[in-house]
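Under the numbering used here, the first residue of the sequence shown is numbered 1, with each subsequent residue one higher.
Report on the following structure.
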Amino acid sequence: MSPHPTTLIPYAERIKFHTNPTAIKILEIMDRKKTNLAVSVDVTSAKEALEVVRRVGASVCMVKTHCDIFEDFTPAFTEELLRLSKELDFVIFEDRKFADIGNTVSLQYSSGIHKISTWSDLTNAHSVPGPGIIAGLSKVGLPLGRGLLLLGEMSSAGSLAVGGYTEQTFKMAQDAGREFVIGFIAQNRIDKPEKIGEGEDYLIMSPGVGLSAKGDSLGQQYRTPRECVVESGADVIIVGRGIYGVEGGEEAVKSEAERYREAGWKAYEERLGRK
Ligand code: 5BU
């Protein structure tokens, strides 16, 4: 099977296909820092999450959060995360997986304790409710220059986001236009070449990445960075426990992030034929 055309274009050369400021920022950072690695900091303490971010920040293009996991969440956490994102040059992705009607998600995005839209460059949503979810989030996020990913596929065993569901999710994004929806969480290039036009560029981000483990006891399934980037054409690899969960203390977390960055970048160079 011939490679997906998008995967043969360097990240920097894809910037011109985007108008969304967050998509442009992600591609610029990836090129500048030579990294397609996103680290997911799924620890229950915001203080500890910031410590992980300080250790891995130099190696990543993106830090992914689940802000409802933190027991000590305060606005001071997001202020410090924002400061670190500028100092260490990464974007912030709140993996909120919105899944309600447009009016409700616009409130969940802008309000409550977390006020996600005020600090998160990127967030994501299920397509289950229909296009109103994009409209609701866009109303809040677009004026702020934020970006949205739709969940086209999931990494977990038995996911129902397959086949026709995935195809219709892609179509929903395409119909919405690329001002706000910049790509997908997916395990494959769900933007099939025959469905996209010239310069129609989407970012595919894949969670479920591990260099050693093959999965966990709750349905998670892992693939290697090479499997994701070369074989499946992912643009960004998302790693959680493989990095922050490594044994050996602070230095081990830092060097494990570097190990994943190197593996992800090597895979990217291989797919460009630069190896
Ligand atoms: P892990 O520790 O590398 O397994 O964490 C993976 C992260 O990615 C975790 O925050 C999940 O919520 C997130 N994730 C996922 O694993 N699979 C998916 O399909 C989606 C998100 Br969408």
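In this text, a Cβ means the ideal position worked out from N, Cα and C, and glycines have one as well.
Asked: From the DSSP output, in three-state form, read off lysine 160 for me.; Found: In the sequence on display, residue 160 carries leucine and not lysine. In the structure shown, leucine 160 sits in coil (DSSP, three-state: anything other than H, G, I, E or B).
Asked: Can you pull the DSSP bridge partners for phenylalanine 184?; Found: Leu150, Ile204
Asked: Got a sec, what are the start and stop residues for the alpha helix (DSSP H) valine 295 sits in?; Found: With the chain running from 1 to 275 in the structure shown, residue 295 is simply not present.
Asked: Name the two residues that bound the continuous alpha helix (DSSP H) containing serine 85.; Found: 75 to 88
Asked: What is the DSSP secondary structure of serine 217, reduced to helix, strand or coil?; Found: coil
Asked: Quick one: grab the DSSP three-state call for alanine 38.; Found: strand
Asked: Cα separation between lysine 214 and threonine 224?; Found: 9 Å
Asked: Count the CB pairs spanning the region 108 to 119 and the region 20 to 31 that are closer than 8 Å, and state whether there are at least three.; Found: no
Asked: Considering only C-alpha positions, which residue in the set Ala161, Ala186, Val239 is nearest to arginine 261?; Found: Val239
Asked: Compute the minimum distance between the beta carbon of glutamine 220 and the heavy atoms of the ligand 5BU, and state whether it is under 8 Å.; Found: yes
Asked: Is methionine 30 near the ligand 5BU, in the sense that its beta carbon is under 8 Å from a heavy atom of that ligand?; Found: no
Asked: Report the option in Gly249, Val229, Ala252, Gly158 whose CA atom is closest to the CA atom of leucine 218.; Found: Gly158
Asked: Please check the pair leucine 37 and valine 60, which I expect to be a contact at CB under 8 Å, by giving their CB distance rounded to whole angstroms.; Found: 5 Å
Asked: Under three-state DSSP, which class holds arginine 32?; Found: helix
Asked: Can you tell me whether methionine 154 sits near the ligand 5BU, meaning its C-beta is under 8 Å from at least one heavy atom of the ligand?; Found: yes
Asked: Please return the same chain residues whose Cβ sits closer than 6 Å to the Cβ of valine 52, not counting the five positions on each side in sequence.; Found: Val41, Tyr244
Asked: Indicate whether the contact test is met: 3 or more Cβ pairs, each with one atom in the region 128 to 140 and one in the region 98 to 114, closer than 8 Å.; Found: yes
Asked: What do you reckon, are the CB atoms on asparagine 188 and serine 232 nearer than 9 Å?; Found: yes
Asked: Spatial neighbours of leucine 211 within its chain, please: CB distance less than 8 Å, with the 5 preceding and 5 following residues excluded, ordered by chain position.; Found: Thr224, Pro225, Gly242, Arg259, Tyr260, Ala263
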